[in-house]
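A.B. asks: My structure is below; once you've seen it, I'll send some questions.
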Amino acid sequence: MPEESANAERARIAEPIRVEQTLASEAASPGGAPVTFVNVIEPRLSWRVASAPRGWRQRAAELEIEYQDGSTRTARVDGAQQVLIAWPFPSLTSRERATLRVRVADSAAWSEWSPPSAIEVSLLHPSDWSAQWITPSEGAGVDDPAPIMGTSFDVDDELVSARLHVSALGILVAHLNSRRVGADHFVPGWTTYDRLVRFRSYDVTGMLVPGRNTIAAMVGNGWYRGRIASLPIHRGEFYGDQLALLAQLELTYADGSTVRVGTNLGWTSGPSQVLSNDFYDGQVTDLRRPRWPSFVGAVELSTAAIGRIDLATAPPVRELDVLEPIAVVTRGETTLVDFGRNLVGWVRLRVRGGPGDVVSVRHAEVLEGGELSMRPLRSAQATDRYYLAGDGEELIEPELTYHGFRHIEVSGIPAGAVLEVHAVALGSALMRTAWFECSDPGLNQLHSNVVNSMVGNFLDVPTDCPQRDERLGWTGDIQVFAPTASTLFDVSKFLDEWLDSLALDQLPDGTVPAVVPRVFREESALAGWGDAAVIVPWVLYQRYGDLGILHRQYASMTAWVELVHSLAGDDLLWSGGNQLGDWLDPLAPPDQPSAAQADPDVVATASFFHSTDLLAKIAEVLGFTEDAERYGALAERIRLAFCDSYVTADGRVRSDCQTAYALALSWEILADPVLRARAGSRLAELVESQGFTVATGFLGTPIVLHALTLSGRSDDAYRMLTSHDFPSWLYAVDLGATTIWERWDSLRADGSVNPGEMTSFNHYAFGAVANWMHRTIGGISSLSPAAREVRIAPLPGAGITSGGIRYDSPYGTLETKWNLRDGRFALELDVPVGVTATVGLPDGSELAGIEHGHYSYVVGAPSAGAPYTQKRSRTTIRKS
745 MPEESANAER ARIAEPIRVE QTLASEAASP GGAPVTFVNV IEPRLSWRVA SAPRGWRQRA
805 AELEIEYQDG STRTARVDGA QQVLIAWPFP SLTSRERATL RVRVADSAAW SEWSPPSAIE
865 VSLLHPSDWS AQWITPSEGA GVDDPAPIMG TSFDVDDELV SARLHVSALG ILVAHLNSRR
925 VGADHFVPGW TTYDRLVRFR SYDVTGMLVP GRNTIAAMVG NGWYRGRIAS LPIHRGEFYG
985 DQLALLAQLE LTYADGSTVR VGTNLGWTSG PSQVLSNDFY DGQVTDLRRP RWPSFVGAVE
1045 LSTAAIGRID LATAPPVREL DVLEPIAVVT RGETTLVDFG RNLVGWVRLR VRGGPGDVVS
1105 VRHAEVLEGG ELSMRPLRSA QATDRYYLAG DGEELIEPEL TYHGFRHIEV SGIPAGAVLE
1165 VHAVALGSAL MRTAWFECSD PGLNQLHSNV VNSMVGNFLD VPTDCPQRDE RLGWTGDIQV
1225 FAPTASTLFD VSKFLDEWLD SLALDQLPDG TVPAVVPRVF REESALAGWG DAAVIVPWVL
1285 YQRYGDLGIL HRQYASMTAW VELVHSLAGD DLLWSGGNQL GDWLDPLAPP DQPSAAQADP
1345 DVVATASFFH STDLLAKIAE VLGFTEDAER YGALAERIRL AFCDSYVTAD GRVRSDCQTA
1405 YALALSWEIL ADPVLRARAG SRLAELVESQ GFTVATGFLG TPIVLHALTL SGRSDDAYRM
1465 LTSHDFPSWL YAVDLGATTI WERWDSLRAD GSVNPGEMTS FNHYAFGAVA NWMHRTIGGI
1525 SSLSPAAREV RIAPLPGAGI TSGGIRYDSP YGTLETKWNL RDGRFALELD VPVGVTATVG
1585 LPDGSELAGI EHGHYSYVVG APSAGAPYTQ KRSRTTIRKS
């Protein structure tokens, strides 16, 4: 048994315990202590051991919970697990708050206690709500000003705590005593509202005063009543035409009594300064109107169809950065501003003008001929307008819209009246978990572009683009990008909530919608897109070790695979149908983005195999033995059918293109080592014959370098990655790209925009190459869920003389730094407590069982052009 020992060298826990995979406590609203709101009665717990003596191993952990009445209890958990530990205490209840801390021990001594972490269970049951959904009785139509609804209430002395729980059909901005509640934007987020609506909870204790107080919320159209895609329907016709608000303020006093102030028929309403608002078209604001209306309008109970209501636990949309202009050009009363990089958000201006002067702000990603290029936005107007009050300097910015842009045009007032201009970058406030750097500036910029595109498009849901009349949660895009996304940022809760929507929106026959939340009336099974139902949960399990995500999504996964099985028929070849295929293959005509080189039947059957193969692994992990055997056998039959129908004896795959070989090799469809070798050689021949340029679309691009590397062709993979010729990743970098483009040539070398419709300049899908950069240049591959076991094996190439990655895994920070100098390869490595590494060096040596600590290795540098085969990372199957 470990003992209390003041003299023994001990482990150290430097950060609060993590609750439900949250890497840091959610910042509370102004005036409140940090608190993480949870929506379960038995939240799982994780911790990181910041440092420990060499050879130390966690043998036990002791958890302590302190309840609101000051009482405590402890629980001991034996073993080395640190991630997503089952709740060891009695179940919590709605509104219950507690403080947690942990200490750990080997066989000798306990560590110090971790810093405390406060959690609070939010509202779990419909019976917890006494508030009612309300909507203005009049004056709040789709073309009317955004309404504000509010009321006043009294607060007695000795207030102990105040919690505000809010939701809307639309998007809301809540205020208490004219102060904004929290820093979140676009609350409650985007769901299929008649099936699921989310709410947010805030600690607002410090925002209230004894005596009279006011609460009010402005509600905008958002996703609920704004334009959706380029569908030929009027705003308000998709989900509903009636905005609604749900708010419940709960006051707790020192004597234990509680008072609730909730939305009901006693609230009143009035019009705001926002005359119109739409995500695509922008916001119109009249600053001559009072900020707070007279609230003389009545409200009524909403009759809209509303699904279950759940606490939103994914990071909210917040202000992430503020950018200064890098160039300002004035032309009379028009000012062009360049912010230096493509971003998502809005513009904040400080101006001076006369009463009624109209300031217009238009947004675009690129310039053509020195002017804003608006054509890529299609029908989106992307314009904000302000009617100035004219009472001196005015700070103006929207609240109910967002744009994708690098450039803006400000018009309507003299240039000298624009006193300040800044770009405000928005996105879901995800925790960054990986940083990459190498000696090649172009690759560093490429990686930065990947990060920028992810940050801008992970805005409540993972969208394809942030600027035009689309901005949808395309399943195929996130399917290919999930491995990269889950390395760069903690997306555990973000994608968990999105997958919840996917399962809710999935059709009864198993069809996965092309976009989630679903917006298209007609759906069909799409290979590579519907497979997100299986692939994304598997990726999250691999990154975070969360068996819960596999359990929750299992019915959705099996429904998809069974649907495809029925479509494939007895021969197990999924053929025909309306497929997107290897979307945006660079050789496809601009007006036919699905006309790829890869045969869509080959792509579909390969995808069928991959999802079935993963489902067999998932069933094994979950302990569903019969399912594991059944889906494993089905995967083998699909493999044989694929090889018999699409692969020749010399390893040629039908359609003989980069994507066809990338799928067959990366997904291990070719079991015969001779066939694999021949297919790998043919892929390398194709890549060389095409000048080491990219000839793949959405489905082939994320894995083509991996396929080359697995085939012992890492030099070819490097030549492809570092090519500057069109089409290539660095082609866009050379043209000044700061985000990933939808097309390889969204912008042409002459500065003109591609004539096709699909010309977004902020589309993360092709940025999935960063996953290869992390694993191959950075050198970190996970061998087991949550990176508890890893392989460290950087592969130098393409004249790159140094590289490395820092990855904040669930157990702690893994970091590699390597360089080539004077014929030697030097590697510096940091391994966190709880992780075991295997190190592979370029001279072929393998070092196993490396535990936590700092390590240095020096070996002879690999000779130029020497073949080096990256060993496949095998995942350890751990049964529940």
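The sequence shown begins at 745 in our numbering and counts up by one. For every residue, glycine included, the Cβ atom is placed at its ideal position computed from N, Cα and C. Being a predicted model, the structure only gives us computed values, none of them experimental.
(1) For the candidate residues 1328, 931, 862, 1043, whose alpha-carbon lies nearest to that of residue 1488?
(2) Which of the three DSSP states is assigned to residue 1505 in this structure?
(3) Where residue 1153 and residue 1022 are concerned, what is the direct C-alpha to C-alpha distance, given to the nearest angstrom?
(4) Identify the residues that DSSP records as bridge partners of residue 1391: which are they?
(5) For a test of the three-state rule: what should DSSP assign to residue 768, helix, strand or coil?
(6) Between which residues of its own chain and residue 1406 is the CB-CB distance below 6 Å, once the five residues before and five after are set aside?
(7) Would you say residue 787 touches the ligand MG, meaning its beta carbon is less than 6 Å from a heavy atom?
(8) Determine the burial state of residue 1395: buried for a count of at least 16 other Cβ atoms within 10 Å of its Cβ, exposed for fewer.
(9) Can you tell me whether residue 1495 is buried or exposed? The criterion is at least 16 other CB atoms within 10 Å of its CB, across all chains shown.
(10) Starting from the N-terminal side, write out each stretch of the alpha helix (DSSP H) that is 4 residues or longer and does not extend beyond the segment 1151–1184.
(11) Is the segment 914–929 close to the segment 960–972, with three or more CB pairs under 8 Å?
(12) What do you reckon, are the CB atoms on residue 1049 and residue 938 nearer than 7 Å?
(13) Count the other CB atoms within 10 Å of the CB of residue 894; is the residue buried (16 or more) or exposed (fewer)?
(14) Buried or exposed for residue 819, please, with buried defined as at least 16 other CB atoms from any protein chain shown within 10 angstroms of its CB.
(15) Taking the runs of the beta strand (DSSP E) that are 3 residues or longer, which of them lie wholly in the segment 1085–1121?
(16) Find out if the Cβ-Cβ distance for the pair residue 1285, residue 1293 is shorter than 7 Å.
(17) Counting along the chain, where does the alpha helix (DSSP H) carrying residue 1238 start and finish?
(18) Does DSSP put residue 1563 in a helix, a strand or coil?
(19) Are the Cβ atoms of residue 1196 and residue 1210 separated by less than 7 Å?
(20) Just grab the DSSP bridge partners of residue 1598 for me.
(21) With 16 as the cutoff for other CB atoms within 10 Å, does residue 1468 come out buried or exposed?
(22) Count the C-beta pairs between the segment 1004–1013 and the segment 915–931 that are closer than 8 Å, then say yes if the count reaches three, no if not.
(23) Of all the options 943, 1338, 1227, which has the alpha carbon lying nearest to the alpha carbon of residue 993?
(24) What did DSSP end up calling residue 755 once you bin it into helix, strand or coil?
(25) When burial is assigned at 16 or more other CB atoms within 10 Å of the CB, is residue 773 buried or exposed?
(26) Run through the DSSP bridge pairs and tell me what residue 1642 is partnered with.
(27) Could you say which of 1226, 1233, 1218 lies nearest to residue 1261 if we only look at CA atoms?
(28) Among residues of its own chain, excluding the 5 on either side of residue 1592, which ones have a beta-carbon nearer than 7 Å to its beta-carbon?
(29) For residue 1521, name the three-state secondary structure that DSSP assigns.
(30) Could you check what DSSP says for residue 1468 in three-state terms: helix, strand or coil?
(31) Residue 1084 to residue 781, Cα distance in whole Å?
(32) Where does residue 1323 land, buried or exposed, given buried means 16+ other C-beta within 10 angstroms?
(33) Quick one: what does DSSP say residue 1037 is sitting in, helix, strand or coil?
(34) For residue 1086 versus residue 1129, is the C-beta spacing smaller than 7 Å?
(35) What is the DSSP secondary structure of residue 1207, reduced to helix, strand or coil?
(36) Helix or strand or just coil, what does DSSP make of residue 1293?
C.D. replies: According to the data block:
(1) When each option's Cα is compared against that of residue 1488, the closest is 1328.
(2) coil
(3) Within the model, the alpha-carbon separation for residue 1153 versus residue 1022 is close to 19 Å.
(4) According to DSSP, residue 1391 shares a beta bridge with 1397.
(5) Bear in mind that a pLDDT of 33 at residue 768, under 50, signals an unreliable position, so the number given afterwards is only what the model happens to contain. In this structure, residue 768 counts as coil in the three-state DSSP scheme.
(6) 1444, 1447, 1448, 1451
(7) As for the ligand MG, it is missing from this structure, which has no ligand bound.
(8) So residue 1395 counts as buried.
(9) exposed
(10) none
(11) yes
(12) yes
(13) buried
(14) exposed
(15) 1102–1108
(16) Against a cut-off of 7 Å, the Cβ pair of residue 1293 and residue 1285 comes out as a contact.
(17) 1236–1249
(18) strand
(19) Between residue 1196 and residue 1210, the CB-CB gap reaches or exceeds 7 Å.
(20) 1574
(21) exposed
(22) no
(23) Considering only alpha carbons, the answer is 943.
(24) Residue 755: coil per DSSP, three-state reduction.
(25) Any answer about residue 773 is weak, because its pLDDT of 34 lies below 50 and its placement is not dependable; what the coordinates show is given next. Burial call: buried.
(26) With the chain represented from 745 up to 1624, any question about residue 1642 goes unanswered, as that position is not in the structure.
(27) The residue from 1226, 1233, 1218 with its alpha-carbon nearest to that of residue 1261 is 1218.
(28) 1582
(29) helix
(30) If DSSP states are grouped into helix, strand and coil, residue 1468 belongs with coil.
(31) 37 Å
(32) buried
(33) coil
(34) no
(35) coil
(36) helix
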